[in-house]
Amino acid sequence: MKNELIKSRPPAIVAGMYASFALAFAAIALCACSGMENADAQKARKPIESDYACFSGIYPHLAFWNNEGECGTGALAVWNGKLWALTYGPHCVMYSSDRLYEIDGKLDSTIRGESVGGTHANRLIHPESNQLFIGCYAIDSAGNVRTIPREAMPGRLTGAARSPWSPEKSVLITSMEEALYEVDVDTLEVKTLIRDGNLKPLPEKAGSDGKPVKQPKLSKLHGYHGKGTSSGYGKVFYSNNGVQDKRVLRDPAIPSGALAEYSRGDDDWTPIRIMQFTEIATPDGIFGNLKPDSNPIWAVGFDAKSLVLMANEGGRWTSFRLPKASHSYDGSHGWNTEWPRIRPIGTPSYLMTMHGAFWDFPPKFGARSAGGLRMASNYLKVVGDFCEWQGKLVLGCDDSAKKEFLNKRELKSETSAPGQSNSNLVFLDKSDIRSFGPNIGRGSVFLREDAKAGTKSEPMFVGGFSKKIMAVNCDAPKIELRLDFHDSRIDESAFSKNVEIDKSDISANFLDLDKLAEGRKFDWVSVTPLSDAKNLTVHFNLSDADTRTTEASPKFDGLALRDAPEDSAREKSLSNAALMLPLGNNSRTVGIVAYGFDEDGKPISLGTYSLDWKARLRKAELSPDNLKLVQSSSFEPKSISVAEDGVLIVEDGRRFKLPVNGKFGKACGAKSPFGPARVAREVATERDLLNCGGIFYELPAKNAMGVSKIRPIASHNLDIFDFCSYRGLMLASGTNLAALENKNPNIVVSDDGKFAIWAGSIDDLWKLGKCVGRGSLWHGEAVASGQYSDPFLLCGFDKKTLLVNSDADISLSLEIDIDGTGIWTPYKSVEAKAGRPLRISLDENCQGYWIRARAGGSAQKLTASLVYE
């Protein structure tokens, strides 16, 4: 196949055959959308036979690289039996070093010579012309690629849709700055309907008759940072999820984004709802909308309260709310989301990705068929697109960005960013999406709102979670709420329940919805205040039982353990460690400075190594500049301290305490003999991986509220010295002597046999074990009456026990920050007697983000600890 720009038109198609082929292709598409695989997936479906190195479904040789500040996977499509992929840089309006990739069944990858770059994420299969439109490229059934000139269609192309007025002859393509283009599928001629926001307005133009000629205008739609596009019911639908505002650096709650529509002949988008929206999809997936007068259209978005799902049936929109698994996607600028998707993957349910969760999505979802939606699991990768290919679920990710954008903080060094942006694919079995992180979901239907009596909330999804706790906070001393419970129909209530929230009875602040339902089934809950409510918050904390044990998967065998009681034992366990930095200037390798011990147990240098695309770990001399770069990536943050009674983090003057894993024992705060161990680093773009006190955390960027919205991943007792992202892999250093025997496929041993590192996926971390730990609100401290403890992390942990020991009689009032934004809500009061240790098991209503205590008296020596099991 020639890698050159093919400028000729596709061969002409006889009219009768043209129509028959289109109908046949449409039938294939409908089969795909009913849970069967489409023709391309069937054609390519066979076990992947490849000799390339693979770690946890990631093939290092398939990594994508560019010379931009970011290299994400914008679009994936199965076409002509091949997997096609498109990368993007951060803001490339015209050209860039990004490329179009063609991957065959043996996982050989070809960079197409027609590539011109840009920031693109659109893809659409057009059955009538038998072409795949992806980015600015049109690909025929033989794999011939035609490039639409960038000058004819400028902008960051984000979405594609079938034309409501000329579906056989044209496709519609949108840009991230609100442009709308109509592209002739034969000639690739482009007609601009709305001008891209990166361009200047066109000057007024007069026709031969002297009258003004209508020209495409710049859009005035609220927001920017476009995402999804679809069509149906005679209209085109478009979404964006950002806003140009200085406050986005700190405030994720300012009005941002929009869902909009366009009718033929309009000058601009017409807003439907001002809110951050991302994906817009139909049951026909990558084929657009083959039944535009009957298919539902789905739009997914979010705000400070929760996720939002809207369904358009018959031209009428219905709104739903869903909980967030992760807050790392928040941020009113919209930069942290990449491209969430809803796509068929050859299973009865479609797959939806949104805010760190895989969702089983019903193909007929709507107001009267809202059953079957379920959260499948939580994940850590940042996924830009996905598809089914060769029987695998393929995730296209955004992994390693050279420019970490707004994600700067005191916990990490800016010198730890990779020298060149890169990302990769992940190949999973479809069942794998149920074995990642345990499900948690958080969302509000009212958030600091002055609600009038009778104001009914949008329904919040709570289905499938084993724990469903609703927390209420309001300025009024007493308020009555009506809860409407729904099953698969939102247009009617299955049953209702009135509840009274009285500040004199703090137990009513946290309600177990399953107990209120008294055994009846429900998936959705709507809330209506029956009287005016000032500053009302109604928040849902949802979770499934964490069935993991505290034992790590064999995937991690070979990594050194941190629970050795003596230094000598630790040195025996810890064979070697290293600083690691992916290098720039197209070296596409990792520079490594390794350390070990001599025969006397003293730390020594093992020299320098490199890791390449074949996963070869070789002794290699680094240039003086690269050696300096690797060494300078070492960093000891001053804003964190680790002790036996917990981890203290100070971010922008705010104090937060985290638990420590008990397996670490007295060694939890010990320094590594090789220097400062890595605490925080980007392993997935625009969020950090935090490792402290024997627990890994997902840490949102500050513009997504940072530490206050942190999420624990897993507890461990590993002596990890450094970790980084490279070619989609997560690498970790800090191995024991057994690692050199290379019995674990996730361990890479050096060519000289003296050094080893671990290679896998960031989502392997879930397999380290259940989140457990302990720490103190106060630890043998003098406290005064009315004094508050530091906030202590509550979110993501299971069985909770409070231990109190005081030298004086004292009462403690426990309060929970129910949504991570400082809405402290009374939970429980406890009384402790002097010299008599108190142990209280906290019930399952104890759900939220943070917990703190307020002293109801004074003591000279008070210890109040929390144990999570």
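Offset between the sequence shown (1-based) and the working numbering: plus 385.
Ideal placement from N, C-alpha and C gives every residue a C-beta, glycine not left out.
Which residue marks the beginning of the alpha helix (DSSP H) containing residue i, and which one marks its end?
i, result
"Ile1017", "Note on residue identity: the sequence assigns Ser, not Ile, to residue 1017. Its alpha helix (DSSP H) spans residues 1009–1017."
"Lys900", "898–902"
Please name the residue or residues paired with residue i in a DSSP beta bridge.
i, result
"Trp1163", "Ala1249"
"Trp702", "Asn697"
"His924", "Ser829, Ala856"
"Gln661", "Phe687"
"Trp724", "In the DSSP output, where bridge partners are listed per residue, Trp724 has none listed."
"Leu810", "Gly781"
"Phe1041", "Ile1034"
"Ala537", "Per DSSP, none; premise fails for Ala537."
"Thr577", "Tyr566"
"Ser679", "None; Ser679 has no bridge partner."
"Pro1211", "Glu1200"
"Lys882", "Leu868"
"Asp745", "Leu736, Arg759"
For residue i, name the three-state secondary structure that DSSP assigns.
i, result
"Lys709", "strand"
"His740", "coil"
"Asp1149", "helix"
"His446", "helix"
"Cys418", "Any reading at Cys418 must be qualified, since the residue scores a pLDDT of 40, below 50, and its modelled position is unreliable; the value itself is stated next. The answer is helix: DSSP assigns Cys418 an H, G or I state."
"Lys1087", "helix"
"Ser555", "strand"
"Leu1227", "strand"
"Arg819", "helix"
"Ala411", "Because Ala411 carries a pLDDT of 49, less than 50, the predicted location of this residue cannot be relied on, and the following value inherits that uncertainty. Residue state, collapsed to three classes: helix."
"Phe941", "helix"
"Ser648", "coil"
"Thr458", "strand"
"Ile1195", "strand"
"Glu799", "helix"
"Ala1244", "strand"
"Gly592", "coil"
"Ala893", "helix"
"Leu1179", "coil"
"Val633", "helix"
Could you spell out where the beta strand (DSSP E) holding residue i opens and where it closes?
i, result
"Lys863", "863–871"
"Lys1048", "First-last for Lys1048: undefined, no H or E at that position."
"Trp550", "Counting along the chain, Trp550 falls outside any beta strand (DSSP E), and DSSP gives it neither H nor E."
"Gly804", "Careful: Gly804 lies outside any beta strand (DSSP E) and carries neither H nor E."
"Trp654", "That residue, Trp654, is in no beta strand (DSSP E); it is neither H nor E in DSSP."
"Thr1206", "No beta strand (DSSP E) holds Thr1206; DSSP gives it neither H nor E."
"Asn1237", "For the sequence presented, residue 1237 should be read as Arg rather than Asn. That run of the beta strand (DSSP E) goes 1235–1240."
"His610", "609–617"
"Thr913", "909–914"
"Lys620", "620–627"
Looking at residue j and residue i, is the spacing between their C-beta atoms short of 8 angstroms?
i, j, result
"Tyr444", "Leu492", "yes"
"Ser928", "Lys852", "yes"
"Thr655", "Glu646", "yes"
"Ala1089", "Pro725", "no"
"Met845", "Ser691", "yes"
"Val1068", "Ser1019", "no"
"Arg1066", "Lys788", "no"
"Tyr714", "Ile727", "no"
"Thr913", "Lys841", "yes"
"Thr614", "Ala696", "no"
"Val1134", "Leu991", "no"
"Ala385", "Leu1103", "Limits of the chain in this structure are 386 at one end and 1254 at the other, which puts residue 385 out of reach."
"Gly1113", "Ser820", "no"
"Leu557", "Arg580", "no"
"Gly627", "His607", "no"
"Lys1160", "Val1045", "For the sequence presented, residue 1160 should be read as Gly rather than Lys. Yes, they are a contact pair."
"Asn792", "Arg484", "no"
"Gly1078", "Leu1033", "no"
#### Entry: Those runs of the beta strand (DSSP E) which lie wholly inside the stretch 462–533 and span at least 3 residues
467–473, 485–488, 494–496, 508–511, 516–519, 522–524, 530–532
### Query
Taking only runs of the beta strand (DSSP E) that begin and end inside the stretch 752–785, which ones reach a length of at least 3 residues, in chain order?
759–763, 768–774, 777–782
### Message
Restricting to runs no shorter than 4 residues, where is the alpha helix (DSSP H) found entirely within the stretch 965–1031?
### Response
1009–1017
### Task
Could I get the ranges of all uninterrupted beta strand (DSSP E) runs contained in the stretch 1058–1145, with 3 residues as the minimum, in chain order?
1065–1069, 1072–1077, 1080–1085, 1096–1100, 1107–1111, 1114–1118, 1132–1134, 1141–1145
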